[in-house]
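Each residue of the sequence shown is one higher than the one before, starting from 1 at the first, in full-length UniProt numbering. Where is the CB? At the ideal position from N, CA and C, for every residue including glycine.
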Amino acid sequence: SLVKKLLAFNAGGAPRVEVVVLSRNDPISGMRVFRSAAHYGLSIERGVFTRGAAPWRYLRPLSAQLFLSTNEADVRSALAAGVAAARVMPRSRQASAEHPGELRIAFDGDAVLFSDEAERIYQRDGLAAFREHESERARQPLPAGPFKPVLEALQ
């Protein structure tokens, strides 16, 4: 599973990844979540059970660097709040099982790994302005995007 692969970054050294469960369920249901995590050998020690409230609101207090959810509205809200977030698709579980010892992540460069500055210029001023902007800055590194800290933390 994705969670197991993320927690594998902690093997043989200082913890590098913490997985926190955020759920719209109530705290009583949380007991079952933690028992299930232990059953599957997943080292998950913290959780927030919101009783129906939007879970993305807890990301900042948790100092979360990444929010993963199947709920598109929550992902969009987390992104709007400045937290790197992505929607997990149901088929991803099957794809993960095909490569049990690997975590494969593909990052879109524009506005994800790197800033959307060039895209904003293109949208606002058109192709000619975009080309000029990029030509003038060809030797300058791109500013960081919202997922750069996530990738850095995994390296």
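Practice task
To the nearest angstrom, report how far apart residue 87 and residue 27 are at their CA atoms.
Solution key: Cα-Cα distance, rounded: 24 Å.
Handout entry: Bridge partner(s) assigned by DSSP for residue 114
Key = DSSP lists 110 and 144 as partners of residue 114.
Handout entry: Whole-angstrom distance between residue 8 and residue 100, CA atom to CA atom
Key = The alpha-carbon atoms of residue 100 and residue 8 are separated by roughly 11 Å.
Exercise for the section: Take residue 116 as the anchor and find which of 147, 104 and 128 has the nearest alpha-carbon. Expected result: With distances taken between Cα atoms, residue 116 lies closest to 147.
Problem - Close-in-space but distant-in-sequence residues of the same chain around residue 65 (CB under 7 Å, 5 per side omitted) - result: Here the set comprises 84, 149, 150 and 153.
Handout entry: Beta-carbon gap between residue 17 and residue 62 smaller than 8 Å
Key = Contact: no.
Exercise for the section: Go ahead and label residue 59 buried or exposed: buried means 16 or more other beta carbons lie within 10 angstroms of its beta carbon, across all protein chains shown. Expected result: Counting Cβ neighbours within 10 Å, residue 59 comes out buried, since at least 16 surround it.
Practice task
Just tell me which of 48, 49, 145 and 132 has its CA closest to the CA of residue 108.
Solution key: 145 is the residue among 48, 49, 145 and 132 whose C-alpha sits nearest the C-alpha of residue 108.
Practice task
Please say whether residue 30 and residue 36 have beta carbons closer to each other than 8 Å?
Solution key: If you check the CB distance, residue 36 and residue 30 do not come in under 8 Å.
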